[in-house]
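Visitor: Handing you a structure now.
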Amino acid sequence: MWDYSETVKEHFFNPKNAGAVENANATGEVGSISCGDALRLTLKVDPGTETIIKAGFQTFGCGSAIASSSALTEIIRGMTLDEALQVSNQDIADFLEGLPPEKMHCSVMGREALQAAVANYRGEEWSDDHEEGALICKCFAIDAVMIEDTIRANSLRTVEDVTNYTKAGGGCSSCHEGIEEILAKVLEEQGESFAAPAIATTSSPTTTTTTMTNLQRMRRIETILESIRPQLQADNGDVELVEVDGNTIYVNMTGACSGCQMASMTLGGIQQRLMEDMGEFIKVVPASQMPRTAKAGA
Amino acid sequence: MADIYLDNNATTAVDAVVVDAMLPFFTEQFGNPSSMHSFGNKVGHAIKKARKQIQSLLGAEHDSEIIFTSCGTESDSTAILSALKAQPERKEIITTTVEHPAVLTLCEYLEKDGYTVHYLKVDGRGRLDLEEYKSLLSDKVAIVSIMWANNETGTLFPVEEMAELANAAGVMFHTDAVQAVGKLPIDLKNSKIHLLSLSGHKLHAPKGIGVLYLRRGTRFRPLLRGGHQERGRRAGTENAASIVGLGMAAELAMEHMEYENTQVKAMRDRLEQGILAIVPNAFVTGNPENRLPNTANIAFEYIEGEAILLLLNKAGIAASSGSACTSGSLEPSHVMRAMGIPYTAAHGTVRFSLSRYNTMEEVERVIEAVPPIMAQLRKLSPYWGDNGPVEDPEKAFAPTYA
Chain A
560 MWDYSETVKE
570 HFFNPKNAGA
580 VENANATGEV
590 GSISCGDALR
600 LTLKVDPGTE
610 TIIKAGFQTF
620 GCGSAIASSS
630 ALTEIIRGMT
640 LDEALQVSNQ
650 DIADFLEGLP
660 PEKMHCSVMG
670 REALQAAVAN
680 YRGEEWSDDH
690 EEGALICKCF
700 AIDAVMIEDT
710 IRANSLRTVE
720 DVTNYTKAGG
730 GCSSCHEGIE
740 EILAKVLEEQ
750 GESFAAPAIA
760 TTSSPTTTTT
770 TMTNLQRMRR
780 IETILESIRP
790 QLQADNGDVE
800 LVEVDGNTIY
810 VNMTGACSGC
820 QMASMTLGGI
830 QQRLMEDMGE
840 FIKVVPASQM
850 PRTAKAGA
Chain B
370 MADIYLDNNA
380 TTAVDAVVVD
390 AMLPFFTEQF
400 GNPSSMHSFG
410 NKVGHAIKKA
420 RKQIQSLLGA
430 EHDSEIIFTS
440 CGTESDSTAI
450 LSALKAQPER
460 KEIITTTVEH
470 PAVLTLCEYL
480 EKDGYTVHYL
490 KVDGRGRLDL
500 EEYKSLLSDK
510 VAIVSIMWAN
520 NETGTLFPVE
530 EMAELANAAG
540 VMFHTDAVQA
550 VGKLPIDLKN
560 SKIHLLSLSG
570 HKLHAPKGIG
580 VLYLRRGTRF
590 RPLLRGGHQE
600 RGRRAGTENA
610 ASIVGLGMAA
620 ELAMEHMEYE
630 NTQVKAMRDR
640 LEQGILAIVP
650 NAFVTGNPEN
660 RLPNTANIAF
670 EYIEGEAILL
680 LLNKAGIAAS
690 SGSACTSGSL
700 EPSHVMRAMG
710 IPYTAAHGTV
720 RFSLSRYNTM
730 EEVERVIEAV
740 PPIMAQLRKL
750 SPYWGDNGPV
760 EDPEKAFAPT
770 YA
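Okay, here's the thing in structure tokens:
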């Protein structure tokens with residue numbers, strides 16, 4: 560079962576602004592070819608100020624499609640059309656306190672319905688520039704079409720290239736087989752063949768001899784962690800240094816980071832950053848896994 | 370009121386009697402059945418008994434035809450890969466478009482390795498065309514793999530007849546019978562089925578235990594090689610507790626076979642008729658004349674399955690759906706698409722699958738709970754008007770798809 564946020568559930572069980580707006584003067588009807596969900600958005604726009612007075616939705620779709628529609632109508636009510644056009648699908652997802660990666664396209668559908676409705680009001684023809692494919696990378700919600708296009712546009716040749724350009728494959732790495740398949744297909748079209756290295760070539764840290772004292776080294780680690788914290792805090796999370804034991808660094812993930820499914824990925828990112836800055840091999844481990852002797856300060 | 374579980378094709382509750390039979394094998398009966406001492410010997414005897422119990426449920430001629438595996442998927446993979454390995458000159462496979470992913474995904478993968486896979490089509494009620502099947506049987510085919518009962522609709526395939534045809538053409542026949550075993554009487558010794566997969570957790574045994582039936586004399590190449598367990602056909606220390614549990618579950622399934630096909634069937638029929646009598650624009654998918662006794666798959670037009678399930682769940686009712694959104698895949702159920710069910714209905718399919726633990730009282734509660742849920746969601750649907758679908762729904766609402 561999907562791990563929906565309480566806000567998603569609230570907007571699904573008690574949707575706001577359901578139904579068509581009476582005497583609407585803007586209508587947007589869009590669907591997602593990939594999952595078959597569809598949505599009609601109707602708006603009542605004040606012609607003088609171009610302000611959205613009323614917004615209503617009718618949705619044929621899943622829980623998150625209904626919740627995204629409800630959220631969209633709540634967000635845009637009272638906005639001018641130009642303001643509303645600035646609403647991104649990420650804004651809709653944020654309003655709902657997040658959507659599972661597989662469900663991000665539900666929020667995309669909401670934004671597209673809005674664009675279509677504004678185009679309808681202005682007597683323009685709305686055309687969609689966004690094509691959606693099968694979801695490949697679940698960590699960062701990257702689909703096959705996006706990966707394929709990026710490979711073509713940038714002549715990418717390896718999984719690592721794809722990760723650098725799209726983020727796909729940069730998390731748990733279980734989608735690497737899928738990425739390799741897309742690479743093989745595109746390269747074959749170009750008359751080339753895809754050859755993967757036997758072992759993933761993650762940037763190996765250069766072994767510079769450390770001449771720092773223990774204290775200097777710990778302070779350096781602290782400084783690096785300090786520089787990472789603002790990013791985590793922006794996502795309502797945080798990290799705190801607990802112990803340094805040789806190459807192993809124990810940290811506490813707090814706030815939104817703790818227990819978040821991305822926590823292990825975040826740890827990986829912190830580890831990568833520390834290795835790059837320190838120039839040595841480092842393992843970042845949650846403090847909960849610290850051996851008891853180390854905890855006791857031995 | 371306790372929640373109502375109508376998702377028994379997904380998994381079943383482990384029978385309390387099965388749990389009791391298993392418990393000693395976590396504690397005092399912990400021995401390795403391969404050991405020479407009495408700790409191992411007793412476990413060895415218990416496994417032997419379980420093998421007999423399963424032999425009897427399947428109507429197999431010999432107990433050595435039963436190979437314990439870890440799950441239905443392992444059994445399917447073992448069967449198909451064994452046939453390819455044992456007959457390297459044969460590069461074709463015959464299966465259907467509506468198989469479980471355990472078979473379908475493997476076949477798609479094998480296509481990349483140069484094998485040719487023939488996917489038999491189904492008609493609007495999920496039935497195969499046996500003439501098409503006959504025309505594909507040849508000495509190029511390594512194995513035919515056809516499910517006995519469809520997990521989504523419960524529709525049965527004529528596997529016994531198809532096995533006769535394959536056998537006559539000198540082709541190995543495998544059936545994925547995970548949904549059929551325990552719900553239908555099976556008599557393998559009087560069939561030409563060479564290989565059969567079953568899964569414990571579909572018949573009130575625990576998860577993590579399966580069986581591959583391998584007819585004596587069928588050429589075989591193991592998937593896992595190593596120790597001599599299962600006569601060298603499936604290496605790895607036996608999952609003794611679960612094997613004992615599956616044996617007990619098989620015995621209980623035999624005892625309840627009659628009940629399943631009368632009482633459980635009656636509950637299913639009442640559920641289906643009760644819902645269809647009240648909810649408009651709903652229909653049964655698959656072949657109602659020839660299906661499992663416990664499964665009802667109903668398509669509710671113009672609404673989406675995941676939304677239905679979330680509201681059912683809120684009402685304390687557990688079921689499942691063929692909608693794209695419940696699986697994380699982008700497409701609605703391949704089974705519904707293969708039968709040509711339109712998107713607007715395939716999306717709203719709900720599978721209710723019962724077991725001997727359900728009661729008629731529960732069924733009546735579900736019949737009461739379902740109609741308001743459908744009405745609530747249809748109120749949100751762009752295809753639905755005040756009192757029914759809008760006139761010419763596909764034209765009245767024709768969104769730009771992207």
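Sequence order for the protein chains is A and B. Sequential numbering of the first sequence, starting at 560, is according to my numbering. Sequential numbering of the second sequence, starting at 370, is according to my numbering. All residues carry an ideal CB built from backbone N, CA and C; glycine is no exception.
Starting from A:Glu-781 and walking both ways along the alpha helix (DSSP H), at which residues does that stretch end?
Guide: As a first step, residue 781 of chain A is located in the first sequence; it is residue number 222 there, counting from the start. Element bounds for A:Glu-781: 773–793.
Visitor: Verify whether the separation of the beta carbon atoms of B:Leu-640 and B:Ile-736 is less than 8 Å.
Guide: Here residue 640 of chain B corresponds to residue number 271 of the second sequence, with the count starting at 1. Here residue 736 of chain B corresponds to residue number 367 of the second sequence, with the count starting at 1. Yes, they are a contact pair.
Visitor: For A:Val-589, which residues in chain B fall below 8 Å Cβ to Cβ?
Guide: Counted from its first residue, the first sequence places residue 589 of chain A at position 30. The contacting residues are Pro-768, Thr-769, Tyr-770 and Ala-771.
Visitor: Would you call the CB atoms of A:Ile-841 and A:Asn-806 closer than 8 Å?
Guide: Along the first sequence, read from residue 1 onward, the residue named residue 841 of chain A stands at position 282. Along the first sequence, read from residue 1 onward, the residue named residue 806 of chain A stands at position 247. Going by C-beta atoms, A:Ile-841 is nearer than 8 Å to A:Asn-806.
Visitor: Would you please verify whether the beta carbon of A:Pro-756 is less than 8 Å from any beta carbon of chain B?
Guide: As a first step, residue 756 of chain A must be located in the first sequence, where it is residue number 197. Not closer than 8 Å to any Cβ of chain B, the Cβ of A:Pro-756 fails to qualify, so no.
Visitor: Between B:Lys-683, B:Leu-661 and B:Pro-768, which lies nearest to B:Arg-720 when the distance is taken from Cα to Cα?
Guide: If you number the second sequence from 1, residue 720 of chain B lands on position 351. Here the closest residue by C-alpha is B:Leu-661.
Visitor: Any contact of the stretch 570–582 of chain A with the stretch 602–615 of chain A, i.e. 3+ C-beta pairs under 8 Å?
Guide: With the cut-off at 8 Å, the stretch 570–582 of chain A and the stretch 602–615 of chain A touch.
Visitor: Under three-state DSSP, which class holds B:Val-550?
Guide: Translated into the one-based positions of the second sequence, residue 550 of chain B becomes position 181. Of the three classes helix, strand and coil, the one that applies to B:Val-550 here is strand, per DSSP.
Visitor: Could you give the distance in angstroms between the alpha-carbon of B:Ile-555 and the alpha-carbon of A:Gln-830?
Guide: As a working mapping, residue 555 of chain B is identified with position 186 in the second sequence. As a working mapping, residue 830 of chain A is identified with position 271 in the first sequence. Cα to Cα, B:Ile-555 sits roughly 57 Å from A:Gln-830.
Visitor: Helix or strand or just coil, what does DSSP make of A:Leu-826?
Guide: Along the first sequence, read from residue 1 onward, the residue named residue 826 of chain A stands at position 267. It is helical.
Visitor: Identify each residue in the stretch 394–416 of chain B for which the Cβ-Cβ distance to at least one residue of chain A is less than 8 Å, and report them in chain order.
Guide: Cβ contacts with chain A: none found.
Visitor: Using Cβ-Cβ distances below 7 Å, what residues of the stretch 780–802 of chain A are close to chain B?
Guide: Listed by position, the residues of the stretch 780–802 of chain A near chain B (Cβ gap below 7 Å) amount to none.
Visitor: Along chain A, in chain order, which residues have C-beta atoms closer than 8 Å to that of B:Ala-518?
Guide: The residue labelled residue 518 of chain B in the question sits at position 149 within the second sequence. Going along chain A, no residue has its Cβ under 8 Å from B:Ala-518, so there is no contact; the nearest lies around 25 Å.
Visitor: Which residue or residues does DSSP assign as beta-bridge partners of B:Trp-753?
Guide: Here residue 753 of chain B refers to the residue found at position 384 of the second sequence. Paired residues: B:Pro-758.
Visitor: List, in chain order, every chain A residue whose beta-carbon is nearer than 8 Å to that of B:Tyr-374.
Guide: As a position in the second sequence, residue 374 of chain B is number 5, starting the count at 1. In chain order: nothing, as chain A lies at least about 14 Å away.
Visitor: Residues in its own chain within less than 7 Å of B:Trp-753 by CB, not counting five upstream and five downstream?
Guide: Translated into the one-based positions of the second sequence, residue 753 of chain B becomes position 384. Cβ within range, chain order: Tyr-671, Arg-747 and Val-759.
Visitor: Does the distance from the C-beta atom of B:His-469 to that of B:Asp-545 stay below 8 Å?
Guide: As a position in the second sequence, residue 469 of chain B is number 100, starting the count at 1. As a position in the second sequence, residue 545 of chain B is number 176, starting the count at 1. In this structure, B:Asp-545 lies closer than 8 Å to B:His-469 by Cβ.
Visitor: Compute the Euclidean distance between the alpha carbons of A:Thr-767 and B:Cys-476, then round it to the nearest angstrom.
Guide: Position 208 of the first sequence, counting from 1, holds the residue named residue 767 of chain A. Position 107 of the second sequence, counting from 1, holds the residue named residue 476 of chain B. Interpretation of A:Thr-767 is limited by its pLDDT of 49, a score under 50 that renders its predicted location unreliable; the figure taken from the coordinates is listed afterwards. About 50 Å.
Visitor: Suppose you measure from the CA of A:Ala-703 to the CA of B:Arg-706; what does that come to, to the nearest Å?
Guide: The residue given as residue 703 of chain A occupies position 144 in the first sequence. The residue given as residue 706 of chain B occupies position 337 in the second sequence. Each residue's Cα considered, the two are about 22 Å apart.
Visitor: Below 8 Å, can you find three or more Cβ-Cβ pairs linking the stretch 460–469 of chain B to the stretch 590–599 of chain B?
Guide: Result no; under three Cβ-Cβ pairs closer than 8 Å.
Visitor: For the beta strand (DSSP E) containing A:Ile-808, list its first residue and its last residue.
Guide: Within the first sequence, the letter at position 249 stands for residue 808 of chain A. 807–814 is the span of the beta strand (DSSP E), which, as asked, contains A:Ile-808.
Visitor: Quick one: which residues of the stretch 621–636 of chain B get their C-beta closer than 7 Å to a C-beta of chain A? List them in chain order.
Guide: Per Cβ criterion, the list is empty.
Visitor: Would you say B:Tyr-478 lies against chain A (beta-carbon separation less than 8 Å)?
Guide: By one-based count along the second sequence, residue 478 of chain B stands at place 109. No - not a single Cβ of chain A is within 8 Å of the one on B:Tyr-478.
Visitor: Would DSSP call B:Lys-561 helix, strand or coil?
Guide: Position 192 of the second sequence holds residue 561 of chain B. Coil at B:Lys-561, not helix or strand.
Visitor: What does B:Leu-749 touch in chain A if you count any residue whose Cβ is under 7 Å from its own?
Guide: The residue labelled residue 749 of chain B in the question sits at position 380 within the second sequence. In chain order: Pro-574, Ala-577, Gln-617, Thr-618 and Ile-625.
Visitor: Please confirm if the stretch 479–498 of chain B is in contact with the stretch 415–426 of chain B, defined as three or more CB-CB distances below 8 Å between the two stretches.
Guide: Short answer: they don't touch.
Visitor: Does B:Ile-710 come within less than 8 Å of chain A when only Cβ atoms are used?
Guide: As a first step, residue 710 of chain B must be located in the second sequence, where it is residue number 341. No, its Cβ sits nowhere closer than 8 Å to a Cβ of chain A.
Visitor: Taking the continuous beta strand (DSSP E) assigned at B:Arg-720, which residues delimit it?
Guide: As a position in the second sequence, residue 720 of chain B is number 351, starting the count at 1. Unbroken beta strand (DSSP E) run through B:Arg-720: 718–722.
Visitor: Taking its Cβ as the centre, do 16 or more other Cβ atoms sit within 10 Å of B:Ser-724, making it buried, or is it exposed?
Guide: To locate residue 724 of chain B, count along the second sequence from 1; it is residue 355. Buried is the call here.
Visitor: What's the call for B:Gly-717, buried or exposed, on a 16-neighbour Cβ count within 10 Å?
Guide: Looking up residue 717 of chain B in the second sequence gives position 348. That one is buried.
Visitor: Just the C-alpha distance for B:Leu-375 and B:Ser-722, rounded to the nearest angstrom, thanks.
Guide: Within the second sequence, the letter at position 6 stands for residue 375 of chain B. Within the second sequence, the letter at position 353 stands for residue 722 of chain B. Cα-Cα distance, rounded: 5 Å.
Visitor: Pairing CB atoms from the stretch 608–619 of chain B with CB atoms from the stretch 456–463 of chain B, are three or more of them under 8 Å?
Guide: They do not touch, by the three-pair rule.
Visitor: Nearest chain A C-beta to B:Ile-672 closer than 8 Å, yes or no?
Guide: By one-based count along the second sequence, residue 672 of chain B stands at place 303. Judged by the 8 Å Cβ criterion, B:Ile-672 is in contact with chain A.
Visitor: Taking the C-alpha atoms as reference points, what is the distance between A:Ile-787 and A:Gly-728?
Guide: One-based indexing of the first sequence puts residue 787 of chain A at position 228. One-based indexing of the first sequence puts residue 728 of chain A at position 169. Distance between the alpha carbons of A:Ile-787 and A:Gly-728: 22 Å.
Visitor: In chain order, which continuous runs of the alpha helix (DSSP H) of length 4 or greater are located wholly inside the stretch 571–650 of chain B?
Guide: Entirely contained in the stretch 571–650 of chain B, the alpha helix (DSSP H) runs reaching 4 residues are, in chain order, 609–628 and 634–647.
Visitor: Using alpha carbons as the reference points, say which of A:Gly-730, A:Ala-743 and A:Phe-571 lies closest to A:Gly-828.
Guide: The count along the first sequence starts at 1 and reaches residue 828 of chain A at position 269. When only C-alpha atoms are compared, the closest one is A:Gly-730.
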